[in-house]
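> Mind looking over this structure? Questions follow.
See below:
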């Protein structure tokens, strides 16, 4: 920012571009098909046009994607919509947790986050006793939220709490409010 510019004039927010794994695979295939397209600038232009990006990816990004070419080309097509590589150990842990809940006959979406975290810790300790600590999930509210998103479930805790509050209000209101036997006119008559 130059001294002449007022403080209210700010630079535009930086735009970060994160390609999906499928887009990265297409970029690698394009680079393989046309050896002359290994030119990073040409690949930047192609990616911008092909994926309708708001700005060109950096040369460093393209270079890093091409460095991962072997890993990207081995991916199953079901992973193409993701933007990050899935850790196979964490995927196995997720499946074990879901299988544990299924074995208990409990739906993951019908339990609270606290209960999900507690039961998940139990399943992991029982099924994976030799799991190194660095591979252990965080088991936080954020982890529970992302777990539910990965497995297309939602937390019903808020709805359950709201329902419990409504039930409690209904029972306290009905027991604490005495039945009104007199009319409002007769109340005022008794004041004198």
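Residue numbers (my numbering): 4 to 195.
All C-beta atoms in this analysis are idealised placements derived from N, C-alpha and C, irrespective of residue type, glycine included.
Here the structure is a predicted model, which means the values were calculated and not measured.
1) Would you say residue 99 and residue 131 are within 9 angstroms of each other, going by their C-beta atoms?
2) How about residue 75 and residue 16: are their beta carbons less than 9 angstroms apart?
3) List the endpoints of the continuous alpha helix (DSSP H) containing residue 117.
4) Compare the beta carbon distance of residue 97 and residue 147 with 9 angstroms and say whether it is the shorter of the two.
5) Here's a check: name, in chain order, each residue in its chain whose Cβ is nearer than 6 angstroms to the Cβ of residue 119, leaving out the five neighbours to either side.
6) Could you check whether residue 24 and residue 84 sit closer than 9 angstroms to each other, using their CB atoms as the reference points?
7) Within 10 Å of its beta-carbon, does residue 198 have 16 or more other beta-carbons around it, so buried, or fewer, so exposed?
8) What do you get for residue 21, buried or exposed, if any count of 16 or more other CB atoms within 10 angstroms of its CB means buried?
9) What's the C-alpha gap between residue 125 and residue 67?
10) First and last residue of the alpha helix (DSSP H) that includes residue 20?
11) How big is the Cα-Cα spacing for residue 57 and residue 38?
12) Report the rounded CA-to-CA distance for residue 77 versus residue 43, giving the unit in angstroms.
13) For a test of the three-state rule: what should DSSP assign to residue 58, helix, strand or coil?
14) Check each candidate in 151, 80, 70 and 18 and name the one with the smallest Cα separation from residue 34.
15) Using only the alpha-carbon positions, how far apart do residue 18 and residue 65 sit?
16) Excluding the 5 residues preceding and the 5 following residue 140 in the sequence, name in chain order all residues of the same chain whose CB lies nearer than 6 angstroms to its CB.
According to the structure shown:
1) In the chain shown, counting from the first residue as 1, residue 99 sits at position 96. In the chain shown, counting from the first residue as 1, residue 131 sits at position 128. The answer is yes: Cβ separation under 9 angstroms.
2) By 1-based counting over the chain shown, the position of residue 75 is 72. By 1-based counting over the chain shown, the position of residue 16 is 13. No.
3) Looking up residue 117 in the chain shown gives position 114. Unbroken alpha helix (DSSP H) run through residue 117: 116–130.
4) In the chain shown, counting from the first residue as 1, residue 97 sits at position 94. In the chain shown, counting from the first residue as 1, residue 147 sits at position 144. Cβ distance not < 9 angstroms, so residue 97 and residue 147 don't count as in contact.
5) Indexing the chain shown from 1 puts residue 119 at position 116. Answer for residue 119: 147, listed in chain order.
6) For the purposes of this step, residue 84 is taken as the residue at position 81 of the chain shown. For the purposes of this step, residue 24 is taken as the residue at position 21 of the chain shown. Yes, the Cβ-Cβ distance between residue 84 and residue 24 is below 9 angstroms.
7) Examination of residue 198 is not possible in this model, given that the chain is present from 4 through 195 alone.
8) Indexing the chain shown from 1 puts residue 21 at position 18. By the neighbour-count rule (16 or more Cβ atoms within 10 Å), residue 21 is not buried but exposed.
9) Start at 1 with the first residue of the chain shown, and residue 125 comes out as number 122. Start at 1 with the first residue of the chain shown, and residue 67 comes out as number 64. Whole-angstrom Cα-Cα distance: 39 angstroms.
10) Position 17 of the chain shown, counted from the start, is the residue given in the question as residue 20. First-last for residue 20: undefined, no H or E at that position.
11) Counted from its first residue, the chain shown places residue 57 at position 54. Counted from its first residue, the chain shown places residue 38 at position 35. Approximately 26 angstroms between the Cα atoms of the pair.
12) Here residue 77 is taken as the residue at index 74 of the chain shown, counted from 1. Here residue 43 is taken as the residue at index 40 of the chain shown, counted from 1. Taking the straight line from one Cα to the other gives about 23 angstroms.
13) On the chain shown, position 55 is the one that residue 58 refers to. Reduced to three states, the DSSP call for residue 58 is coil.
14) In the chain shown, counting from the first residue as 1, residue 34 sits at position 31. Per the Cα distances, 70.
15) Your numbering for residue 18 matches position 15 in the chain shown. Your numbering for residue 65 matches position 62 in the chain shown. So the alpha carbons of these two residues sit roughly 16 angstroms apart.
16) Start at 1 with the first residue of the chain shown, and residue 140 comes out as number 137. Excluding residues within five positions, the ones whose Cβ falls inside 6 angstroms are 146.
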